[in-house]
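Enquirer: Just passing along the structure, written as structure tokens.
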Amino acid sequence: QLSCVLFRGARTPQRELVEDGQKELLHGDLTVYEVRGQYQLIVQKLELQGVGELQMRFEKLKEKLHAEGLFEQERKRPLPKYPQRIGVVTSLGAAALSDVLHVVRRRHSSLEIVIAASRVQGQGAEMELALGVEWLNRFAQEEKIDLILLTRGGGSLEDLWAFNEEILARAIAESVLPVVSAVGHEIDFTISDFVADVRAATPSAAVEIITADIVAL
Numbered sequence: 360q361l362s363c364v365l366f367r368g369a370r371t372p373q374r375e376l377v378e379d380g381q382k383e384l385l386h387g388d389l390t391v392y393e394v395r396g397q398y399q400l401i402v403q404k405l406e407l408q409g410v411g412e413l414q415m416r417f418e419k420l421k422e423k424l425h426a427e428g429l430f431e432q433e434r435k436r437p438l439p440k441y442p443q444r445i446g447v448v449t450s451l452g453a454a455a456l457s458d459v460l461h462v463v464r465r466r467h468s469s470l471e472i473v474i475a476a477s478r479v480q481g482q483g484a485e486m487e488l489a490l491g492v493e494w495l496n497r498f499a500q501e502e503k504i505d506l507i508l509l510t511r512g513g514g515s516l517e518d519l520w521a522f523n524e525e526i527l528a529r530a531i532a533e534s535v536l537p538v539v540s541a542v543g544h545e546i547d548f549t550i551s552d553f554v555a556d557v558r559a560a561t562p563s564a565a566v567e568i569i570t571a572d573i574v575a576l
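All residue numbers for the sequence shown refer to our numbering, where the first residue is 360 and numbers rise by one.
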């Protein structure tokens, strides 16, 4: 057991984010408290690890993109009322894709779907997702596509992390086609949700939003 001391006057970034139960990486000087002959670490710098680190990265990127105006309502576009063909960026094995196809068959069976297959978690998944969005935009120059649905099912913060990466946020912001983001469950919010033109709580809810006008008609 090693006592660690973070003095009140020490200007240490992230100290206000520290909570019980978090993992931290501490940097400092190892000293001896002579009164008790006890070793202690005088903390000079700390870094959040695990979920704490991811949450901090999320907040920093969210703040950065918000400052650039990427979340502004004025830049968000309405969805086409009667889409005939949509692009879907997701994994071919994802439960989200099954949900999407099921709801499409039930509500608007003539809706055509072009799938840009991508991994939805793991290292490099954010690059594949971004390339999927870009590919569908290029495809739309030759063949009509009304909008893009970016989706996956629920998971932990780590599982959903690809949708919190800046490269994907930029791809969504630069998309000529409107983008619907449906990532995780209703309680999950990702950077992709904030940048997209429309955020849906679940993959199924996304299809209901996309097909609302055609069903009403």
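Even for Gly, the Cβ is constructed at its ideal location relative to N, Cα and C.
This one's a predicted model, so the numbers in the text were calculated from it and none came from an experiment.
Within the continuous beta strand (DSSP E) that includes R444, where are the two ends?
Expert: R444 to T449
Enquirer: Closest to E431 by C-alpha separation, out of V554, V364, L389 and L376, would be which residue?
Expert: V554
Enquirer: Taking buried to mean at least 16 other C-beta atoms within 10 Å of its own C-beta, is V459 buried or exposed?
Expert: buried
Enquirer: Run through DSSP, which three-state label would Q580 get?
Expert: The structure shown has nothing for residue 580, since the chain only spans 360 to 576.
Enquirer: How many Å lie between V574 and P372 at the Cα?
Expert: 52 Å
Enquirer: If distances are taken between C-alpha atoms only, which option among P437, Y392, K503 and D556 comes closest to D572?
Expert: From the listed residues P437, Y392, K503 and D556, the smallest Cα separation to D572 is found for P437.
Enquirer: Starting from the C-beta of D552, find all residues in its chain whose C-beta is less than 6 Å away, skip the five residues before and the five after it, and write them out in chain order.
Expert: Only S540 and R558 meet the Cβ criterion.
Enquirer: Could you tell me which whole beta strand (DSSP E) segments of length 3 or greater appear in the stretch 457-491?
Expert: 471-476
Enquirer: Between the C-alpha atoms of E567 and Q360, what's the straight-line distance to the nearest angstrom?
Expert: In this structure, the CA atom of E567 is about 55 Å from the CA atom of Q360.
Enquirer: Go through its chain and collect everything with a Cβ distance to H467's Cβ below 6 Å, but skip five positions before and after it.
Expert: T570 and I573
Enquirer: Count the other CB atoms within 10 Å of the CB of A475; is the residue buried (16 or more) or exposed (fewer)?
Expert: Classification of A475: buried, given that the 10 Å Cβ count is 16 or more.
Enquirer: Between which two residues does the beta strand (DSSP E) holding I507 run?
Expert: Counting along the chain, the beta strand (DSSP E) containing I507 begins and ends at L506 to R511.
Enquirer: Roughly how many whole angstroms lie between the Cα atoms of L508 and I401?
Expert: Note on geometry: alpha-carbon atoms of L508 and I401 lie some 50 Å from one another.
Enquirer: For L413, which residues in the same chain have their Cβ closer than 6 Å to its Cβ, ignoring the five residues on either side in sequence?
Expert: L516
Enquirer: Among I531, K404, Q443 and V535, which has the Cα closest to the Cα of G387?
Expert: K404
Enquirer: In terms of DSSP beta bridges, what is S362 paired with?
Expert: Q399
Enquirer: Three or more C-beta pairs closer than 8 Å, one from the stretch 518-531 and one from the stretch 484-494: is that the case here?
Expert: yes
Enquirer: Taking one C-beta from the stretch 437-453 and one from the stretch 489-500 each time, how about it: are there three or more such pairs within less than 8 Å?
Expert: yes
Enquirer: Roughly how many angstroms separate the alpha carbons of P545 and A560, rounded to a whole number?
Expert: The sequence given here places Glu at residue 545; Pro does not occur at that position. The alpha-carbon of E545 is positioned some 4 Å away from that of A560.
Enquirer: Quick check on this structure: which residue in K419, E406 and A530 has the alpha carbon closest to the alpha carbon of L495?
Expert: A530
Enquirer: Note down the Cα distance separating K423 from R395, rounded to an integer number of angstroms.
Expert: 47 Å
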